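Undergrad: Attaching a single structure in structure tokens format; questions to follow.
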Amino acid sequence: EGVCLTSSDITERKMAEEALRSSQTTLHTIFEGTSEAIVLMDLQGMVKAFNMKAASIVSTYTDQRIELGSSIYAYIPSSKKERYQGMLSKALAREITHFDVSLYTITGDKRWFSLSVNIVGDDGEAIEGICLSAKDITERKAADQKLLESEQFNKSVLSSLNAQIAVIDKKGNLLTVNKAWSDFGESN
8 EGVCLTSSDI TERKMAEEAL RSSQTTLHTI FEGTSEAIVL MDLQGMVKAF NMKAASIVST
68 YTDQRIELGS SIYAYIPSSK KERYQGMLSK ALAREITHFD VSLYTITGDK RWFSLSVNIV
128 GDDGEAIEGI CLSAKDITER KAADQKLLES EQFNKSVLSS LNAQIAVIDK KGNLLTVNKA
188 WSDFGESN
């Protein structure tokens, strides 16, 4: 009778496991800490993962809870489904897709989102899935609208004046002229 003892050094495996745990913790922190809504899908548009921001947006705009394994199309208004299908098709063709879209909350408030659709894959090899990210840009859109309205107002005031006015920059480049200036230039 005897005892046979064997041992092996598992230091490398334990270090790799710890590195993996650390990497997963970091990724989870980024995934949940971002200000963007993120939904990861398979190639057919079935939800594989989502962050809390995405869950909040889905419930605010559809009065539904997003669920793993469900189709992303269950949360998209029917009037916009074709557009989203086109976006996913472009992503699968390795085209980066980005656009702005307006959505209405279940209470009727309009919000603007900047959407990006990208593939999830391995350095141009096999496509593993699709990542949809959304950022609320409502304040930016409102500021853009106010700027446009201000510019239109300034142009209308400038054009209503009888005096011939030209606006130039610091280098002397002509930026714009009013109607009186244009009329004078055309008649002389």
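Counting with the working numbering, you get residues 8 to 195 for the letters of the sequence shown. Cβ atoms here follow ideal geometry from the backbone N, Cα and C, with glycine treated the same way. Everything numeric in this text was worked out from a predicted model, so none of it was measured.
1. Quick check on this structure: which residue in 20, 26, 160 and 65 has the alpha carbon closest to the alpha carbon of residue 45?
2. Among the candidates 188, 173 and 187, whose CA atom is the shortest distance from the CA of residue 181?
3. Which partner residues does residue 121 have in the DSSP bridge list?
4. Tell me which same chain residues have a C-beta within less than 7 Å of the C-beta of residue 170, skipping the five on either side of it?
5. Can you list, in chain order, the residues of its chain with a C-beta nearer than 7 Å to that of residue 110? Leave out the 5 residues immediately preceding and following it.
6. Compute the Euclidean distance between the alpha carbons of residue 26 and residue 16, then round it to the nearest angstrom.
7. Going by beta carbon distance, what residues of the same chain come within less than 7 Å of residue 106, once the five residues before and after it are set aside?
8. When the Cα of residue 97 is compared with those of 47, 184, 108 and 125, which residue comes out closest?
9. Return the first residue and the last residue of the alpha helix (DSSP H) that residue 64 is part of.
TA: Taking the coordinates as given:
1. 65
2. 173
3. 107 and 142
4. 187
5. 68, 118 and 120
6. 17 Å
7. 122
8. 125
9. 59-69
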